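If you're matching positions, the sequence shown starts at 4 in our numbering and goes up one per residue.
Okay, so here's the structure we're looking at.
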Amino acid sequence: MNNKKNVLFVLSLSLCLFGFYNPVVDATTAKSDDKKFNSNETIIEREIKAQNKAENYPNLINLYKPTYVLPFYQTNNPFQEIYLNETPNDQRVKREELKAYFSFLIPIVRHVYENKPIALNFAYSQLMYWQVYAKSQYFRETNYEPELFLENYFNKYMSAQLGVNHQSNGRGGYLERSWNRSYLQLKFTGKKWLVQVRGWALLAENESSNLHNPDIVYYLGYENVVLSYKLGKLKTSVEAQNIESGFERGFVQVTVSYPMLKAISVHGQFFNGYGQSLIEYNHKNTGFGIGFSLNDWIN
4 MNNKKNVLFV
14 LSLSLCLFGF
24 YNPVVDATTA
34 KSDDKKFNSN
44 ETIIEREIKA
54 QNKAENYPNL
64 INLYKPTYVL
74 PFYQTNNPFQ
84 EIYLNETPND
94 QRVKREELKA
104 YFSFLIPIVR
114 HVYENKPIAL
124 NFAYSQLMYW
134 QVYAKSQYFR
144 ETNYEPELFL
154 ENYFNKYMSA
164 QLGVNHQSNG
174 RGGYLERSWN
184 RSYLQLKFTG
194 KKWLVQVRGW
204 ALLAENESSN
214 LHNPDIVYYL
224 GYENVVLSYK
234 LGKLKTSVEA
244 QNIESGFERG
254 FVQVTVSYPM
264 LKAISVHGQF
274 FNGYGQSLIE
284 YNHKNTGFGI
294 GFSLNDWIN
């Protein structure tokens, strides 16, 4: 699928979806409800309730994608060639390191139209790999990802996002990696499961991806899918990208988490494929780690 077709697909589908807006749950639902989430609610209902409770705190920052710290993360095949003469004291990249990801959302306009659950949001995510076990510690790669999007809750089982997204490592020179995208995301949920599908088209290619990584979509594709399920207290998820390649490229990431405290869970992760970070978008790898998380795809 070429980029022009992707643009037309994203725009046409988004117009249809946002045009047939008919929510079951509006923004007044659960506005004053301080009860705990109950097991009969879908995940989207819990999201709506949490956001409505936060309306009394206009500057509140919410967690967005899973936020975690993995003090031990092992990469089986570090991309040594790309870091030649770029590490402190020219040391080789160690397989063991610390991996961390944090992601937050700031509501800009909670109700774009009357009291309906259509919101304009800003989100920011950051991925970090820290060579903490090296003789001279350094952050080998940091990826920055701001995005701006409209979000609409159609009913208690389905929501959608329409937005723009920038992702880069901010390195500059031949180590710079970046791309700009417009995207449409659909999320379907039940009481214990979540399916999330995101498709995108490239934007401003000549000022970004064409300069630094013109073949990035060949490896990382045009789509991302997340499947998550809660079994008792155990939360599991599978994230796959570039499925269109028949899993020859892209990646698969599997995570499990189990709550230890009210706000902290033990978190395990396994990764296989391309794009473990932006600097490795065209380098295949396998990695795994264990640590702690504050939230997951299902809460």
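Cβ coordinates follow ideal geometry from the N, Cα and C atoms, glycine included.
Being a predicted model, the structure only gives us computed values, none of them experimental.
Nearest-angstrom Cβ-Cβ length linking residue i and residue j, presumed shorter than 8 Å
| i | j | result |
| --- | --- | --- |
| R95 | Q83 | 6 Å |
| V257 | V228 | No, V257 and V228 are not in contact; Cβ-Cβ is about 13 Å, not under 8 Å. |
| I51 | Y156 | 6 Å |
| I109 | N124 | 7 Å |
| R49 | N302 | 7 Å |
| S260 | D218 | Contact doesn't hold; Cβ gap of about 34 Å is too wide. |
| N183 | S211 | 5 Å |
Assigned secondary structure, residue i (DSSP; H/G/I helix, E/B strand, else coil)
| i | result |
| --- | --- |
| L214 | helix |
| G276 | strand |
| N65 | strand |
| Y261 | strand |
| Y156 | strand |
| L297 | coil |
| E99 | strand |
| P81 | coil |
| E89 | coil |
| I111 | strand |
| V269 | strand |
| V220 | helix |
| E283 | helix |
| N25 | Caution applies to N25, whose pLDDT of 44 falls short of 50 and renders its modelled position unreliable; the value that the coordinates give is listed next. Coil, per DSSP. |
| E48 | helix |
| A30 | Only weak support is given to the placement of A30: the predicted model assigns it a pLDDT of 39, under 50, and the question is left unresolved by the model. |
| N302 | coil |
| G249 | coil |
| G176 | helix |
| M4 | Here M4 scores only 47 on pLDDT, less than 50, and its place in the model should not be relied on; the value that follows carries that caveat. Note: M4 maps to coil in three-state DSSP. |
Opposing strand residues paired with residue i [DSSP bridges]
| i | result |
| --- | --- |
| R184 | N168, L205 |
| V255 | A243, N275 |
| K119 | Answer by DSSP bridge pairing: none, since K119 is not bridged. |
| P74 | In the DSSP output, where bridge partners are listed per residue, P74 has none listed. |
| K328 | What is shown of the chain runs 4 to 302, which leaves residue 328 out entirely. |
| Q129 | F105, Y147 |
| K233 | K238 |
| T310 | With the chain represented from 4 up to 302, any question about residue 310 goes unanswered, as that position is not in the structure. |
| V228 | V200, A243 |
| N124 | P110, F152 |
| F142 | W133 |
Short Cβ contact (9 Å threshold) for residue i with residue j
| i | j | result |
| --- | --- | --- |
| F107 | Y127 | yes |
| P74 | G290 | no |
| I121 | E99 | no |
| N168 | S185 | yes |
| L130 | E179 | no |
| L297 | T90 | no |
| K233 | K190 | no |
| N285 | Y222 | yes |
| V72 | K97 | no |
| N80 | K287 | yes |
| T145 | Y132 | yes |
| Q188 | L165 | yes |
| G173 | Y136 | no |
| I246 | I85 | no |
| K68 | Y116 | no |
| Q272 | G249 | no |
Below-9 Å beta-carbon distance, residue i vs any chain D residue
| i | result |
| --- | --- |
| W203 | No chain D appears in the structure shown, which is made up of a single protein chain. |
Practice task
Report yes or no: do the stretch 263-283 and the stretch 244-254 share at least 3 C-beta pairs separated by less than 8 Å?
Solution key: yes
Practice task
Decide yes or no for the touch test of the stretch 207-216 against the stretch 229-242: beta carbon pairs closer than 8 Å, at least 3 of them.
Solution key: no
Handout entry: Touching by the beta-carbon criterion (3+ pairs, under 8 Å), the stretch 259-271 and the stretch 232-239
Key = yes
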